[in-house]
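In my numbering, the protein residues as written are 2 to 549.
Where a beta carbon is used, it is the ideal one built from N, C-alpha and C, also for glycine.
A quick write-up on the structure given underneath.
Here it is, written out as structure tokens:
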């Protein structure tokens, strides 16, 4: 299915989408948006309904089948890899710190196979050469993937989950995050294992590659090719929609509301500026994206977490009451829509959807890492759901629950639609005007999500249409057009369809990862043996080449 298509055909694809810019600038903005929404809904509602179809287990509750696949897969990986979510945590911290960078670049056998001191200068000259394939460090890969998941889900999504499921939803959100760590480990290990590396060192990786190559090794080449193509189509659609238009739309809405610029073409002009900033970053590829995200993600997450800590510190006497309410609500669900099961579904759904564990998207970013051991990046990747869901989502929930004790701005059991505003209200009760900072955070979250998803979509695009400058240019132009469109119009059904495409990625990805779990287990054993070999050599007096 990988093929190079003609320049004429590629640019004709752009021509199909250029009229959307005319729509975006139209004076009759509401009418145009409604027309686009209606037409789009007529053609795509069946797909949205299918992906988010809820299996009715009783009259009182239903569970989306895609959520069952996500959580079921995560539970399977957790058991199969013997609680790697927990046993691999401290190893992951050490890997991100660069403790094993030497063996990941050159292999443990090259540096530490002989426990006696190495002779001559040859080994020192050797380690000065980066012999491992890859384009970015472990930390850069982690922040690039985190930038696509840490965002509006942590700010707005948590508030929505609490409004429906009450404080107890927080507990199940954390459960989903902890289970998702195993899914991230599995898919990101495969991402590195089966990646392609071009002559210039450029990395091409993700589920489409391990589905095709990995299942091909298991004599399931036909199934692997089909799943790879399906995944590629979904990841392209998801990158244009949920990873782009939705982000631009929400950022524009927050910006125009803060400056009272509603109406007119404010959203359109905001989209133009955002598109220019996105273009500057994505033209440089994954190296540029990683260099930007490694600065933005820690910065914006740090500010958000610091503000949450200030609020929790000011209300420290209520923290135990908040946790008590969370645990009580997690197992009782009294007074909440759907009861206990309803609370459980809301928490797990929000947690799973926030960190995207099992979706396969993160494997695309993590596959670009520099290492000889695929499992090293799988271990790093398991930190992602922990940071995104267990830490940041929990902090958001605690702030909302504690401030709601006195302010009473949220009635549990009644669904809200504007999650960002509710979270801003919670922060403003302790830190006046923090909503201004939150608006900036939303814009930065949206920006970082867009640049990361542009890379995800690009990889799917390359897989389908071939690798070349023309194909790259066409995708990037389309992506930038959708930035402007997303900021300019109300999206409605377009976003529903885009979200559906993102979660449709779950199906081919989970099928492939489950079938390839023996490969992942073998890679994990290989990496842990390499670490043990280094540790044993150091104990016997060998030089730690990581410190040279």
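Per-residue burial, residue i [other beta carbons within 10 Å of its own, 16 or more giving buried]
i	result
residue 537	exposed
residue 451	buried
residue 463	buried
residue 156	buried
residue 1	Outside the shown range of the chain, which is 2 to 549, sits residue 1, and nothing can be said about it.
residue 251	buried
residue 407	exposed
residue 225	buried
residue 54	exposed
residue 526	exposed
residue 434	exposed
residue 1	Here the chain has residues from 2 to 549 only, and residue 1 is not among them.
residue 103	buried
residue 106	buried
residue 237	buried
residue 281	exposed
residue 535	buried
residue 110	exposed
residue 427	buried
residue 314	exposed
residue 206	buried
residue 323	buried
residue 118	With a pLDDT of 49 at residue 118, under the threshold of 50, the modelled position of that residue is not reliable, and the figure given next carries that caveat. Exposed, since its Cβ has fewer than 16 Cβ neighbours within 10 Å.
residue 303	exposed
Contact belief for residue i with residue j at Cβ below 8 Å, rounded distance in angstroms
i	j	result
residue 461	residue 241	No, residue 461 and residue 241 are not in contact; Cβ-Cβ is about 11 Å, not under 8 Å.
residue 48	residue 184	Not quite, the Cβ-Cβ distance comes to about 24 Å (not below 8 Å), so this is no contact.
residue 255	residue 440	5 Å
residue 52	residue 228	Contact doesn't hold; Cβ gap of about 16 Å is too wide.
residue 164	residue 422	With 8 Å as the limit, residue 164 and residue 422 do not qualify as a contact, their Cβ atoms being about 12 Å apart.
residue 455	residue 283	5 Å
residue 306	residue 393	7 Å
Own chain, CB closer than 6 Å to residue i, minus 5 neighbours either side, in chain order
i	result
residue 316	403
residue 28	Annotation note: pLDDT 46 at residue 28 (below 50); position unreliable, no value reported.
residue 214	195
residue 45	498
residue 312	400, 431
residue 507	67, 70, 71, 359, 360
residue 190	375, 376, 379, 521, 524
residue 514	187, 188
residue 6	The predicted position of residue 6 is uncertain, since its pLDDT is 48 and thus under 50; a value taken from the coordinates is nonetheless stated next. The residues are 466.
residue 271	253, 256, 488
residue 294	144, 145, 148, 449
residue 429	435, 436
residue 500	243
Best match in the options for proximity to residue i [C-alpha to C-alpha]
i	options	result
residue 204	435, 407, 137, 277	137
residue 244	466, 453, 507	453
residue 349	76, 266, 426, 273	76
residue 397	249, 310, 280	310
residue 275	266, 253, 219	253
residue 260	437, 78, 505	437
residue 329	370, 391, 255, 168	168
residue 268	500, 504, 308, 488	488
residue 363	145, 212, 530, 512	145
residue 230	510, 366, 415	510
residue 533	113, 306, 227	113
residue 528	490, 193, 165, 158	193
residue 212	365, 164, 289	365
residue 561	346, 209, 271	Any property of residue 561 remains undetermined from this structure, which presents the chain solely from 2 to 549.
residue 367	222, 294, 139, 94	139
residue 369	289, 305, 422, 221	289
residue 63	159, 502, 344, 409	344
residue 485	392, 258, 278, 216	278
Own chain, CB closer than 7 Å to residue i, minus 5 neighbours either side, in chain order
i	result
residue 539	545
residue 387	178, 182
residue 172	327, 328, 331, 348
residue 503	239, 243, 360
Residues near residue i in its chain [Cβ-Cβ closer than 8 Å; skip 5 each side]
i	result
residue 130	In this prediction, residue 130 has a pLDDT of 48, which is less than 50 and means its spatial position is unreliable; what the coordinates show is noted afterwards. For residue 130, where only same-chain residues beyond five positions count, there are no Cβ hits under 8 Å.
residue 391	175, 178, 179
Below-8 Å beta-carbon distance, residue i vs any chain B residue
i	result
residue 537	Reference to chain B is not applicable here, since this structure consists of a single protein chain.
The ligand PLP heavy atom lying under 7 Å from the CB of residue i
i	result
residue 258	Absence of the ligand PLP is noted for the structure shown, with no ligands found whatsoever.
* Asked: Below 8 Å, can you find three or more Cβ-Cβ pairs linking the segment 144–153 to the segment 340–359?
  -> yes
* Evaluate the contact criterion for the segment 164–179 versus the segment 439–447: three or more CB pairs, one atom per stretch, below 8 Å. => no
* Asked: Okay, do the segment 74–84 and the segment 506–524 touch, 3+ Cβ pairs below 8 Å being the bar?
  -> The answer is yes - the segment 506–524 touches the segment 74–84, with three or more Cβ pairs under 8 Å.
* To do: Say whether the segment 480–487 touches the segment 314–334, bearing in mind that this needs 3 or more beta-carbon pairs closer than 8 Å, one atom from each stretch.
  => no
* Asked: Would you call the segment 85–97 and the segment 371–383 touching, i.e. three or more CB-CB distances under 8 Å?
  -> yes
* To do: State whether the segment 197–211 contacts the segment 97–109, with contact taken as three or more CB pairs (one from each stretch) at a distance under 8 Å.
  => no
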